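These notes are about the structure you will find just below.
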Amino acid sequence: HLPGAQLPSPAIIVNPNQPDCTFPSRNLAGVGVMFYVLVATRALLRARFPASAAALPNLAALLDLVALGTVADVVVLDRVNRTLVAQGLRRIRNGFAQPGIAALFALANRSTERATAFDLGFVAGPRINAAGRLDDISIGIRCLVSDDPVEARALAARLDALNAERRGIEAAMRDEAMAVIDALDAATLAGAHSICLADPRWHQGVVGIVASRLKDRVNRPTIVFAPGGEGELKGSGRSIAGFHLRDALDVLAKREPDLLQRFGGHAMAAGVAIHTRHFDRFAAGFE
Numbered sequence: 001h002l003p004g005a006q007l008p009s010p011a012i013i014v015n016p017n018q019p020d021c022t023f024p025s026r027n028l029a030g031v032g033v034m035f036y037v038l039v040a041t042r043a044l045l046r047a048r049f050p051a052s053a054a055a056l057p058n059l060a061a062l063l064d065l066v067a068l069g070t071v072a073d074v075v076v077l078d079r080v081n082r083t084l085v086a087q088g089l090r091r092i093r094n095g096f097a098q099p100g101i102a103a104l105f106a107l108a109n110r111s112t113e114r115a116t117a118f119d120l121g122f123v124a125g126p127r128i129n130a131a132g133r134l135d136d137i138s139i140g141i142r143c144l145v146s147d148d149p150v151e152a153r154a155l156a157a158r159l160d161a162l163n164a165e166r167r168g169i170e171a172a173m174r175d176e177a178m179a180v181i182d183a184l185d186a187a188t189l190a191g192a193h194s195i196c197l198a199d200p201r202w203h204q205g206v207v208g209i210v211a212s213r214l215k216d217r218v219n220r221p222t223i224v225f226a227p228g229g230e231g232e233l234k235g236s237g238r239s240i241a242g243f244h245l246r247d248a249l250d251v252l253a254k255r256e257p258d259l260l261q262r263f264g265g266h267a268m269a270a271g272v273a274i275h276t277r278h279f280d281r282f283a284a285g286f287e
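The sequence shown runs 1 to 287 under my numbering.
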């Protein structure tokens, strides 16, 4: 994500989007950032304790997880990210997938020997994400880090069931949101630069997916809100080429300091929390 104008100090901050960072990619997913932190840590340990170099972990064994996180986070596949994904897919195809990834492929009747980025983005990724959207993300984490194939298969089955439930919730929300869009007269829709929708019945774990579907339909920056905590709406937004969503929210926060409770994200996707009573004001300000 993009750092704010003021950063914590003193602090060690690892973020390729910081000013003056010389890392060759500004598009790393969080998993990519963590992988390179581990690589740097291992290099430091090897330099300080050369006699123990043989005991250091083989970080290449994690590349299937790095590839999964990179594709599922929908970051730009620049040279660095493309290399990470290619190496991770190679490990999966060669039979070195983590037990959890192998179990997710098996449940979806996908061959690890012919694994593609599509499998990571549309087979394994949604099942892992379903845990965080509807239940407890630790189920997905445990599946990915498990060394026990039996445990991994059981956790993968739970993730598969959660993903099926997520699809049902998403379909209902999408249909309701599309009906709102369809009810707008042509002149209103043509004159709108953005779409903001909220419904007290919607599930906050799926608003990002619905926002993405609406954005594709109307080709406008779209934010969809669902109830969060007490008196709070949590929104997830998706943008279009040429409109930097996180920067737009930053401008709005500066114009109306009491409107946004918190926000974050990047050019194409962002999250935001507001008070329920401020929805109309937010929609107008965003527009």
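Ideal placement from N, C-alpha and C gives every residue a C-beta, glycine not left out.
If you're wondering where the values come from, they're calculated on a predicted model, not measured in any experiment.
Judged by beta-carbon spacing, V66 lies within the 9 Å limit of G32, meaning their Cβ atoms are closer than that value. With a cutoff of 9 Å on beta-carbon distance, L233 and I274 are scored as near each other. As computed with DSSP, V224 is found in a beta bridge with L197 and S236. Counting along the chain, I137 sits inside no alpha helix (DSSP H), nor does DSSP assign it H or E at all. F118 counts as exposed, since fewer than 16 other beta carbons sit within 10 angstroms of its beta carbon. I274 has L233 and L260 as its beta-bridge partners, per DSSP. Residue environment analysis places L89 among the buried positions, since at least 16 neighbouring C-beta atoms fall within 10 angstroms of its C-beta. Around the CB of T222, 16 or more other CB atoms lie within 10 Å, so the residue is classed as buried. Positions of the alpha helix (DSSP H) runs, each at least 4 residues long and wholly inside the segment 64 to 117, are given as 79 to 93 and 99 to 107 in order along the chain.
For the 9 Å CB-CB criterion, L144 and L63 do not form a contact. Taking a 10 Å sphere around the C-beta of G208, we find 16 or more other C-beta atoms and assign the residue as buried.
If the five residues before and after R133 are omitted, its C-beta is found closer than 7 Å to the C-beta atoms of R166, G205 and V206, all from its own chain and listed in chain order.
The segment 137 to 156 makes contact with the segment 88 to 104; the number of CB pairs closer than 8 Å reaches 3 or more. Under the three-pair Cβ rule at 8 Å, the segment 72 to 82 counts as touching the segment 18 to 35. Ranked by how close their Cα comes to the Cα of E176, the residues A190, D160, S236 and R201 have R201 in first place. Rounded to whole angstroms, the Cβ separation of A226 and L245 is 18 Å, and the two are not in contact under 8 Å. The beta-carbon separation of G140 and A154, rounded to 13 Å, does not stay under the 8 Å limit for a contact. With respect to the 9 Å criterion, I240 and R220 are classified as neighbours on the basis of their beta carbons.
For E151, the enclosing alpha helix (DSSP H) covers residues P149 to A183. Looking at L162, E113 and V150, the one whose alpha-carbon comes closest to that of I128 is L162. Annotation for S138: A131 place their beta carbon closer than 8 Å to its own, counting only its chain and skipping 5 residues before and after. Collapsing the DSSP output to three states places A11 in coil. A72 has its alpha-carbon roughly 30 Å from the corresponding atom of F279. G208: member of the alpha helix (DSSP H) spanning V207 to V218, first to last residue. Around the beta-carbon of S212, 16 or more other beta-carbon atoms lie within 10 Å, marking it buried.
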